[in-house]
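Okay, so here's the structure we're looking at.
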Amino acid sequence: MDELEKKALEYHSMDGVPGKVSVVPTKPCRTAEDLSLAYTPGVAKPVLRIAADKDEAYSYTSKGNLVAVISNGTAILGLGNKGALASKPVMEGKGVLFKRFADIDVFDIEIDEKDPEKIVEIVKAISPTFGGINLEDIKGPECFYIERELIKRCDIPVFHDDQHGTAIIATAGLMNAAEITGRKIGNLKVVVNGAGAAGISCARMFVAAGVKKENIIMLDSHGVIYKGREGLTEEKAEFAVETDKRTLADAVNGADVFMGLSVAGCLKKEMLRSMAKDPIVFAMANPDPEITPEEALSARNDVIMATGRSDYPNQINNVLGFPFIFRGALDVRATRITENMKMAASKALAALAKESVPEEVRKAYGGEDFSFGREYIVPKPFDPRVIEYEAVAVAKAAVEDGVAIKPITDWEGYRESLKNRMAKYW
102 MDELEKKALE YHSMDGVPGK VSVVPTKPCR TAEDLSLAYT PGVAKPVLRI
152 AADKDEAYSY TSKGNLVAVI SNGTAILGLG NKGALASKPV MEGKGVLFKR
202 FADIDVFDIE IDEKDPEKIV EIVKAISPTF GGINLEDIKG PECFYIEREL
252 IKRCDIPVFH DDQHGTAIIA TAGLMNAAEI TGRKIGNLKV VVNGAGAAGI
302 SCARMFVAAG VKKENIIMLD SHGVIYKGRE GLTEEKAEFA VETDKRTLAD
352 AVNGADVFMG LSVAGCLKKE MLRSMAKDPI VFAMANPDPE ITPEEALSAR
402 NDVIMATGRS DYPNQINNVL GFPFIFRGAL DVRATRITEN MKMAASKALA
452 ALAKESVPEE VRKAYGGEDF SFGREYIVPK PFDPRVIEYE AVAVAKAAVE
502 DGVAIKPITD WEGYRESLKN RMAKYW
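Position in the sequence shown (first residue = 1) + 101 = the working numbering.
Written as structure tokens, this is what we have:
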């Protein structure tokens, strides 16, 4: 047993309490009267209110601040299909992050089912319990269908974090990296290595940010996705291009951006050397990236490098996205998460990275100093300002898009309420 395994297993079972989450009541239950109000006969009163008007559930139950984190365990982190039960530690972990960073309550739900239509039916059937649904670690291409159908069938936000989380944070990083290197987004030549849920979503969001679709070359485990290649899924076919390039080495030659969502070590030093000046390299394979920052910087010193790891600069960390996106969506009772809401999150993160970093952030990272530049293109998760930047931006976008049932008008008041709400966590 290595040191990480030892510490991780101890963490998950410390103090004789297995797991990472529990249910804590928000109302007193100390007296006979409390009991009569919490349960029968008092509980009948809100039941009748909700039966007459379902929106009353937001007034008398926890629905409005409760998110379901749902998985079937078919694509757990970088571990693959380990089954529904094995996904539970990850889903509990998402619950911890929702609560810690956005004060959102979570029930984690592991579904022992692989049939996409059945998963849709199960999740739709339990959706009245929740204010939002976060799908997690469901393999592609089924994940695309499951999310798409649930968005159609549910009247609450549905968000597949494996798809959109990485894309939202990476897009913020891409916008800032392009600015630092004096490039225009529309001129970037981009290679996306990995055509799973995250790769497809990153490519789509890059296009929404201004990258020309024809300037994106996508690869899967069989090489470049080109027009005329047989056996492509609908999602992969969306990014098929006319090209004679067939390998990763071909694709990255002259490219400005490498977006890796694939396997460790696949981007070789000689490939990096063939990229354009000031290459932007997002190597997101976990735990070992497509190329390490040490290898990249030894190949050339003009690279802007990001990974999914916390021990390197520029971590593209999904925790910068999902808690705050759901916070903003829940607070205006959004019926769904729109493309505009996702882009608002990216732009908010990009903007925050340009602000001076307060002392509490430096303390959280061992006294390290951060300033906008090649090694700081996205904010740090332990920056308490993220919630007020991102949740406000997302909520505003929901109102603009007409999907907010309870629009906010006092935005400064909302911003202050978020700071007050989260003060106990800092």
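Beta carbons are placed, not taken as given, at the ideal position from N, Cα and C, and that holds for glycine.
{"Item": "Rounded to the nearest angstrom, how far is the Cβ of residue 317 from that of residue 293, given a contact under 8 Å?", "Value": "6 Å"}
{"Item": "According to DSSP, is residue 514 helix, strand or coil?", "Value": "helix"}
{"Item": "Give me, in chain order, the residues of the same chain whose beta-carbon lies closer than 7 Å to that of residue 313; leave out the 5 immediate sequence neighbours on both sides.", "Value": "287"}
{"Item": "Mind checking who residue 261 pairs with in its DSSP beta bridge?", "Value": "236"}
{"Item": "Can you have a look at residue 290 and say buried or exposed, based on whether 16 or more other CB atoms are within 10 angstroms of its CB?", "Value": "buried"}
{"Item": "If you check the beta carbons only, do residue 320 and residue 349 fall under 8 Å apart?", "Value": "yes"}
{"Item": "At which residues does the beta strand (DSSP E) containing residue 356 begin and terminate?", "Value": "That residue, residue 356, is in no beta strand (DSSP E); it is neither H nor E in DSSP."}
{"Item": "Around the C-beta of residue 160, are 16 or more other C-beta atoms found within 10 angstroms, so that it is buried, or is it exposed?", "Value": "exposed"}
{"Item": "Have a look at 168, 345, 481 and 443 and flag the residue whose alpha-carbon is nearest the alpha-carbon of residue 412.", "Value": "481"}
{"Item": "DSSP beta-bridge partners for residue 577?", "Value": "In the structure displayed, the chain extends from 102 to 527; residue 577 sits before or after that span and is not available."}
{"Item": "Going by Cα to Cα distance, which pick from 443, 439, 477 and 447 is closest to residue 457?", "Value": "477"}
{"Item": "Can you give me the C-alpha to C-alpha distance between residue 386 and residue 396, rounded to a whole angstrom?", "Value": "15 Å"}
{"Item": "For residue 207 versus residue 168, is the C-beta spacing smaller than 8 Å?", "Value": "yes"}
{"Item": "Out of 269, 491 and 527, which one is the CA nearest neighbour of residue 460?", "Value": "527"}
{"Item": "On the premise that residue 492 lies in contact with residue 519, defined as a C-beta separation below 8 Å, what is that separation, rounded to the nearest angstrom?", "Value": "6 Å"}
{"Item": "Using a Cβ distance threshold of 8 Å, determine whether the stretch 367-379 contacts the stretch 466-473, with at least three qualifying pairs required.", "Value": "no"}
{"Item": "To the nearest angstrom, report how far apart residue 239 and residue 173 are at their CA atoms.", "Value": "6 Å"}
{"Item": "Taking DSSP's pairing of strands, which residues face residue 293 in a bridge?", "Value": "319 and 360"}
{"Item": "Evaluate the contact criterion for the stretch 422-430 versus the stretch 440-456: three or more CB pairs, one atom per stretch, below 8 Å.", "Value": "yes"}
{"Item": "The alpha helix (DSSP H) that contains residue 407, what's its start and end?", "Value": "Taken as a continuous stretch (DSSP letters only), residue 407 belongs to no alpha helix (DSSP H), being part of the beta strand (DSSP E) at 405-408."}
{"Item": "Go ahead and pull the three-state DSSP assignment for residue 209.", "Value": "strand"}
{"Item": "Since residue 295 and residue 361 are thought to touch, with beta carbons under 8 Å apart, how far apart are those beta carbons, to the nearest angstrom?", "Value": "6 Å"}
{"Item": "What does the alpha-carbon distance come out to for the pair residue 325 and residue 252?", "Value": "31 Å"}
{"Item": "Buried or exposed for residue 119, please, with buried defined as at least 16 other CB atoms from any protein chain shown within 10 angstroms of its CB.", "Value": "exposed"}
{"Item": "Which residues bound the beta strand (DSSP E) around residue 172?", "Value": "167-172"}
{"Item": "In whole angstroms, what separates the C-alpha of residue 281 from that of residue 342?", "Value": "29 Å"}
{"Item": "For residue 365, which residues of its own chain have a beta-carbon under 6 Å away from its beta-carbon, when the five flanking residues on both sides are left out?", "Value": "386 and 389"}
{"Item": "Applying the criterion that 16 or more other CB atoms from any shown protein chain within 10 Å of the CB defines a buried residue, is residue 181 buried or exposed?", "Value": "exposed"}
{"Item": "Rounded to whole angstroms, how far is the Cβ of residue 424 from the Cβ of residue 408, which I believe are closer than 8 Å?", "Value": "The pair is not a contact, with the Cβ atoms about 21 Å apart (cut-off 8 Å)."}
{"Item": "Pick out the complete alpha helix (DSSP H) segments inside the stretch 413-441, 4 residues or longer, and give them in chain order.", "Value": "423-432"}
{"Item": "Please name the residue, chosen from 406, 147, 171 and 247, that lies closest to residue 163 on a Cα-to-Cα basis.", "Value": "147"}
{"Item": "Which residue from 495, 266, 308 and 401 puts its Cα closest to that of residue 416?", "Value": "266"}
{"Item": "Just the Cα atoms here: how many angstroms apart are residue 121 and residue 191?", "Value": "10 Å"}
{"Item": "Would you call residue 125 buried or exposed, if buried means 16 or more other Cβ atoms sit within 10 Å of its Cβ?", "Value": "exposed"}
{"Item": "For the alpha helix (DSSP H) holding residue 487, just list the boundary residues, first then last.", "Value": "487-501"}
{"Item": "Using the Cα positions of residue 232 and residue 259, report the straight-line distance between them to the nearest angstrom.", "Value": "9 Å"}
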